[in-house]
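One structure is given below, encoded as structure tokens.
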Amino acid sequence: MRTQRQVVDYSLRKRAVLRELLAGRIGTYDVCDASPYLKNAARFHGEPTEDRCPICRSENLTRVHYIYGDELKQSAGQARTLTELPVLAMTLREFQVFVVEVCLGCDWNHLVEQFLLGRDGLVGDTEDGMEQGAMGGTAASAAGAGPAVRRRREAQR
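Sequential numbering from 8 applies to the sequence shown in our numbering.
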């Protein structure tokens with residue numbers, strides 16, 4: 008995605024958890040504890056992958072994308088499909104995405120990565136620049152602003 012930034016990858020943490028499991032320091036029930044809400048989000052909003060589950064090795068993993076941000080209000084914390092994220096990234100200033108992998112067979116789940124999305128990541132599209140261009144100083148220039156500027160102002164409200 009074009010505006011993706013501040014990416015945090017949790018693959019080293021995943022490897023450490025799997026190493027602890029194989030060494031017997033933690034049990035399978037400690038890592039295979041997906042909640043019913045997470046499993047439902049994986050079924051209805053998840054993106055299937057070709058990766059096998061590291062625990063049961065019989066099911067493919069599913070990735071779920073959760074979104075959080077101030078502009079989302081009541082929508083914060085919802086699972087979204089991968090196709091919805093670019094649309095949200097162009098309409099919202101900034102929001103955070105958490106990607107969780109889930110095995111629907113054995114309930115393995117792990118945070119894979121997190122990153123920021125939104126218009127704030129676009130170069131040259133600043134809040135001040137839009138306001139100066141839209142407010143132009145005269146009523147005629149504000150009335151003659153294009154539909155794209157009007158949509159941006161409506162999206163900010």
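Ideal placement from N, C-alpha and C gives every residue a C-beta, glycine not left out. Owing to the predicted nature of the structure, the values given are computational and were not obtained by experimental measurement.
Given a cut-off of 7 Å, decide if residue j and residue i are closer than it, judged by their beta-carbon atoms.
i, j, result
"Q13", "L123", "yes"
"L68", "T56", "yes"
"E108", "D127", "no"
Does the beta-carbon of residue i have 16 or more other beta-carbons within 10 angstroms, so that it is buried, or is it exposed?
i, result
"Y36", "exposed"
"V15", "exposed"
"A48", "buried"
"A41", "buried"
"Q139", "Here Q139 scores only 41 on pLDDT, less than 50, and its place in the model should not be relied on; the value that follows carries that caveat. Classification for Q139: exposed."
By Cβ distance, which residues of its chain are closer than 8 Å to residue i, with the 5 residues on each side in sequence left out?
i, result
"H52", "V71, H72, A86, R87, T88"
"E66", "R59, C60, C110, L111, G112, C113"
"G84", "Y73, I74, Y75"
"I62", "L28, T35, V38, C39, C110, C113, W115"
"V24", "I33, V38, H117"
"D82", "According to the sequence as given, residue 82 is Ser; it is not Asp. Taken in chain order, the residues that qualify are I74."
What whole-angstrom Cβ distance do residue i and residue j have, given they're in contact under 8 Å?
i, j, result
"A96", "G125", "6 Å"
Spatial neighbours of residue i within its chain, please: C-beta separation below 6 Å, excluding the five flanking residues on both sides.
i, result
"F105", "Y73, Q121"
"L99", "E78, G125"
"K21", "H117"
"E54", "R70, L89"
"R26", "none"
Could you tell me whether any Cβ in chain C is nearer than 7 Å to the Cβ of residue i?
i, result
"E101", "The structure shown contains no chain C; it is built from a single protein chain."
May I ask whether a heavy atom of the ligand FAD can be found less than 6 Å away from the beta carbon of residue i?
i, result
"A49", "The ligand FAD is not among the ligands present in this structure, which contains no ligands whatsoever."
message: If contact is defined by three or more beta carbon pairs under 8 Å, each pair taking one atom from either stretch, is the segment 79 to 98 in contact with the segment 110 to 117?
response: Flag = no, the segment 110 to 117 and the segment 79 to 98 do not touch.
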